[in-house]
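A.B. asks: Starting off with a structure, shown below.
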């Protein structure tokens, strides 16, 4: 075996001129066209497979024992290598091999930009040495993109009696057109992938930054809401208490007009107190830790019904609770959500038909369905917003109840939504993560 100290001059293995002198078989255009049609079909439908099939067809049409597709790559130190990105036959297991360009037979082709034939290339190129099978001949052709050599397409034979001819050269050069197309497709895909990756990374960074900002602002707002609500309670209690004292102690001496104004002041202060209490409760929900446990939701719902506002107790019998409902949740928080949903159904019941409410679960989604006033789906987005109310004039309330439901559900990692028809009823759905 030759060693790298005994390598022969390049001229000893170069035999390209032999292609003009050797007898050549007739041009097989049928075989060429068949290969080109197959490659075109693969290029259109399965471009990722074209490189593998290309080297298989090179080996078959040129009568070789092995074939490969190599591309020029720039290493971190700035030098160039030839990477075998597709191989077949006797060199199939060497796919992925990278050889420095200057010590590869492909270097001759890259520099000349023309097809070359080498006889026993291992005599001049140590990388071609193989003790198990000697490459007797190797024919290499470049593939070009925009006038620049991008790599090589090559075929080898181990048979001393097999000699490549001019027809093999023509076939190899014809198939090299697809090598250029396949590589360009790969480069375009990689450029697109890197571009998308960069865009996605930038979007993820923006989303993360925006999320952090929103969380911080939300926490700041919750803290402000809690502080303001807490601080307003004492002054409001003082206003209500003093208004009542004035009515009791000075009532006979106050004119009817003054009495009316004092009463309106009293009612407004009480409404404000209720609103502040609701706002404080809403803020507290965002701070309360979720403590999950196995909960009998059916029994929890019945307990909530037993503790309804006294004015609504008589309606508890209108509720149907599905038996056997169990969930991993915080019973206090979910109990508050059910209370709000049940009281909401009672508040907006219809006077035109017997009142009926169902609480159940289907495919992991819980629901509270009533046959009350319902709502127009045009306004569904407002339902769970704090202080948004669809029936402002006819019904009392602050509009915080359904917002509390949404917060409880989201604290459990679930979601809540509603469907309704005006005048026919509504259904509220929720999950618990």
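Numbering (the numbering used here), first residue to last: 193 to 625.
Ideal Cβ positions, reconstructed from N, Cα and C, are used throughout, including at glycine.
Just so it is clear, the structure is predicted and the values come from calculations on it, not from any experiment.
Which same chain residues, not among the five before or five after residue 333, have their C-beta less than 6 Å away from its C-beta?
C.D. replies: Residue mapping note: residue 333 aligns to position 141 of the chain shown, counting from 1. So the list reads 307, 345, 364, 365, 368, once near-sequence residues are dropped.
A.B. asks: Does the Cβ of residue 329 have 16 or more other Cβ atoms within 10 Å, making it buried, or fewer, making it exposed?
C.D. replies: In the chain shown, the residue the question calls residue 329 occupies position 137. Looking at its Cβ environment, which holds 16 or more other Cβ atoms inside 10 Å, residue 329 is buried.
A.B. asks: Check whether the Cβ atoms of residue 508 and residue 517 sit closer than 8 Å, and answer yes or no.
C.D. replies: Translated into the one-based positions of the chain shown, residue 508 becomes position 316. Translated into the one-based positions of the chain shown, residue 517 becomes position 325. Not a contact, by the Cβ cut-off of 8 Å.
A.B. asks: Spatial neighbours of residue 458 within its chain, please: CB distance less than 6 Å, with the 5 preceding and 5 following residues excluded, ordered by chain position.
C.D. replies: Taking the first residue of the chain shown as position 1, residue 458 is located at position 266. Excluding positions up to five away in sequence, the list reads 435.
A.B. asks: Identify the residues that DSSP records as bridge partners of residue 612: which are they?
C.D. replies: Start at 1 with the first residue of the chain shown, and residue 612 comes out as number 420. According to DSSP, residue 612 bridges with 618.
A.B. asks: Can you tell me whether DSSP reads residue 196 as helix, strand or coil?
C.D. replies: The count along the chain shown starts at 1 and reaches residue 196 at position 4. Because the pLDDT at residue 196 is just 48, under 50, the model does not fix this residue reliably, and the point stays unresolved.
A.B. asks: Quick test of the definition: if touching needs 3 or more C-beta pairs under 8 Å, does the segment 316 to 323 touch the segment 194 to 213?
C.D. replies: Contact holds: three or more Cβ-Cβ distances are below 8 Å.
A.B. asks: Per DSSP, residue 308 forms a beta bridge with which residues?
C.D. replies: As a first step, residue 308 must be located in the chain shown, where it is residue number 116. 332.
A.B. asks: With respect to the beta strand (DSSP E) encompassing residue 546, which residues constitute its N-terminal and C-terminal limits?
C.D. replies: Reading the chain shown from its first residue, position 354 is the one you call residue 546. Neither: residue 546 is in no beta strand (DSSP E) and is coded neither H nor E.
A.B. asks: Does the distance from the CB of residue 608 to the CB of residue 532 come in under 8 Å?
C.D. replies: On the chain shown, residue 608 is found 416 positions in, with the first residue counted as 1. On the chain shown, residue 532 is found 340 positions in, with the first residue counted as 1. No; because the gap between Cβ atoms is not below 8 Å, this pair is not in contact.
A.B. asks: Can you tell me the Cβ-Cβ gap for residue 534 and residue 549, rounded? I've got them flagged as a contact below 8 Å.
C.D. replies: Taking the first residue of the chain shown as 1, we reach residue 534 at position 342. Taking the first residue of the chain shown as 1, we reach residue 549 at position 357. Yes, they are in contact, since the Cβ atoms of residue 534 and residue 549 sit about 7 Å apart, within 8 Å.
A.B. asks: Kindly give me the distance between the Cβ atoms of residue 564 and residue 614, rounded to whole angstroms, as I take these residues to be in contact under 8 Å.
C.D. replies: Residue numbering aside, residue 564 sits at position 372 when the chain shown is read from its first letter. Residue numbering aside, residue 614 sits at position 422 when the chain shown is read from its first letter. No, residue 564 and residue 614 are not in contact; Cβ-Cβ is about 11 Å, not under 8 Å.
A.B. asks: Assuming residue 292 contacts residue 273 (C-beta within less than 8 Å), just tell me the rounded distance between them.
C.D. replies: Start at 1 with the first residue of the chain shown, and residue 292 comes out as number 100. Start at 1 with the first residue of the chain shown, and residue 273 comes out as number 81. Rounded, the Cβ-Cβ distance is 5 Å, consistent with contact.
A.B. asks: Suppose the cutoff is 6 Å on Cβ atoms and the five residues either side in sequence are ignored; what does the same chain contact list for residue 529 look like?
C.D. replies: As a working mapping, residue 529 is identified with position 337 in the chain shown. Excluding residues within five positions, the ones whose Cβ falls inside 6 Å are 597, 600.
A.B. asks: Going by the C-beta, is residue 259 closer than 7 Å to any heavy atom of the ligand GTP?
C.D. replies: Here there are no bound small molecules, and the ligand GTP is not part of this structure.
A.B. asks: CB-CB under 8 Å to residue 372, same chain, minus the five flanking residues each way: which ones, in chain order?
C.D. replies: What you label residue 372 is simply residue 180 of the chain shown in a count that begins at 1. For residue 372, where only same-chain residues beyond five positions count, the Cβ hits under 8 Å are 335, 336, 337, 342.
A.B. asks: Please list, in chain order, all residues of the same chain as residue 321 whose beta carbon is under 6 Å from its beta carbon, the five residues on each side excluded.
C.D. replies: Mapped onto the chain shown, residue 321 falls at position 129. For residue 321, where only same-chain residues beyond five positions count, the Cβ hits under 6 Å are 314.
A.B. asks: Assess contact between the segment 249 to 269 and the segment 277 to 287, defined as three or more Cβ pairs (one per stretch) separated by less than 8 Å. Is contact present?
C.D. replies: With a cut-off of 8 Å, the segment 277 to 287 and the segment 249 to 269 count as touching, because enough Cβ pairs lie within range.
A.B. asks: With residue 214 and residue 357 assumed to form a contact (beta carbons below 8 Å), what rounded beta-carbon distance in angstroms separates them?
C.D. replies: Position 22 of the chain shown, counted from the first residue, corresponds to residue 214. Position 165 of the chain shown, counted from the first residue, corresponds to residue 357. Residue 214 to residue 357, Cβ: 5 Å. Contact.
A.B. asks: Output the boundary residues of the beta strand (DSSP E) element that contains residue 258.
C.D. replies: To locate residue 258, count along the chain shown from 1; it is residue 66. Unbroken beta strand (DSSP E) run through residue 258: 258 to 266.
A.B. asks: Is residue 534 helix, strand or coil when you go by DSSP?
C.D. replies: By 1-based counting over the chain shown, the position of residue 534 is 342. It is helical.
A.B. asks: Return the CA-CA distance between residue 402 and residue 577, expressed in angstroms with no decimal places.
C.D. replies: The count along the chain shown starts at 1 and reaches residue 402 at position 210. The count along the chain shown starts at 1 and reaches residue 577 at position 385. Computed Cα separation, rounded: 21 Å.
A.B. asks: Please state whether the Cβ-Cβ distance between residue 290 and residue 247 is less than 8 Å.
C.D. replies: Residue 290 sits at position 98 when you count from the first residue of the chain shown. Residue 247 sits at position 55 when you count from the first residue of the chain shown. Not a contact, by the Cβ cut-off of 8 Å.
A.B. asks: What residues match up with residue 207 in a beta bridge as DSSP calls it?
C.D. replies: For the purposes of this step, residue 207 is identified with residue 15 of the chain shown, where counting begins at 1. In DSSP, residue 207 forms no bridge with anything.
A.B. asks: So, for residue 545: in the same chain, excluding its five sequence neighbours on each side, which residues have a beta-carbon less than 8 Å away from its beta-carbon?
C.D. replies: The residue you call residue 545 lines up with position 353 of the chain shown. These residues qualify, in order along the chain: 563.
A.B. asks: One question on the structure: do residue 135 and residue 485 come within less than 8 Å of each other, judged by their Cβ atoms?
C.D. replies: Beyond the ends of the chain as shown, which are 193 and 625, falls residue 135; an answer cannot be given.
A.B. asks: Applying the criterion that 16 or more other CB atoms from any shown protein chain within 10 Å of the CB defines a buried residue, is residue 381 buried or exposed?
C.D. replies: Translated into positions along the chain shown, residue 381 becomes position 189. Classification for residue 381: exposed.
A.B. asks: Please classify residue 604 as buried or exposed, where buried requires at least 16 other C-beta atoms within 10 Å of its C-beta.
C.D. replies: Indexing the chain shown from 1 puts residue 604 at position 412. Label assigned to residue 604: buried.
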